[in-house]
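Going by my numbering, the first residue of the sequence shown is number 4, and it counts up by one from there.
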Amino acid sequence: MSKSLENQTLAFAGICQAVSLVQQVARQGSIEDKEVFKATLNSILVTDAERSEDIYGGHPQLHLGYQTLIEQLSTDSAQKNAELTRYLVGLVALERKLARRRDLLSMLGERISQVKRQLHHFELLDEQVLANLASIYSDIISPLGPRIQVAGNPGYLQQPLVQHQIRALLLAGIRSAVLWRQLGGKRRHILFSRKRLVAQAQAALRY
């Protein structure tokens, strides 16, 4: 397997992990594995990593993402989830629009720097930090195209903390979509390179 395919698969697994966590919090009101949640959100803040896997803290932190990728892209998978597919397609489409807007990319960089400064005083999963990350998504990403309609338990979806978590995770999904495109990932790969992506994800799970 080529290094470029390995990195593309890693970045796509990052998108898959973000949307899987979105579904989890929308349905259950919380995320069980806080370390995976933190690794996913922290990827937004890592802008100068030497290796792609360092953005997520290593391959093991993307276990859920690789597993989700395999389930979504395997041709014979009975576990394919139409809701997750909709989120994935929506995020990739939004990132394509973002890539054409240098003004918004610059604004995005500034807002992420503010969050980094905020972390001198608060933990990453503190509600104020989550609210800040959520507002970046609402202000910069969401207006770019059709809104991603998140399905779940209405009782949870009405809670401000759950809303913040979902938008922060969607921002993490955009971060991975940016990385995926930078590494040469294209929408046609999702259709025509499924077997290679799945095989690489299966190999990554053995790390």
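For each residue, glycine too, the CB sits at the ideal point set by N, CA and C.
Sub-9 Å separation of residue i and residue j beta-carbons
i, j, result
"A154", "E86", "yes"
"V25", "G176", "yes"
"I193", "L91", "yes"
"G32", "Q162", "yes"
"A29", "N135", "no"
"I169", "L101", "no"
"L147", "R104", "yes"
C-alpha gap between residue i and residue j, whole angstroms
i, j, result
"R199", "H124", "43 Å"
"L97", "L174", "11 Å"
"L76", "R99", "21 Å"
"V22", "L172", "7 Å"
"Q215", "S138", "Not covered by the structure: residue 215. The range shown for the chain is 4 to 210."
Element boundaries [alpha helix (DSSP H), containing residue i]
i, result
"I177", "163 to 185"
"V95", "85 to 102"
"V132", "130 to 139"
"Q27", "6 to 31"
"I115", "105 to 121"
With 16 other Cβ atoms within 10 Å as the buried cut-off, status of residue i
i, result
"R209", "exposed"
"S46", "buried"
"T12", "buried"
"G93", "buried"
"T78", "exposed"
"S116", "exposed"
"A204", "buried"
### Task
Spell out a yes or no on whether the stretch 96 to 109 and the stretch 50 to 59 are touching, meaning 3 or more CB-CB pairs, one atom from each, closer than 8 Å.
Verdict: no, contact absent.
### Message
Pairs of beta-carbons, one from the stretch 10 to 22 and one from the stretch 61 to 74, closer than 8 Å: are there three or more?
### Response
Using a Cβ-Cβ distance cut-off of 8 Å, the stretch 10 to 22 and the stretch 61 to 74 are in contact, since at least three pairs of beta carbons, one from each stretch, lie closer than that value.
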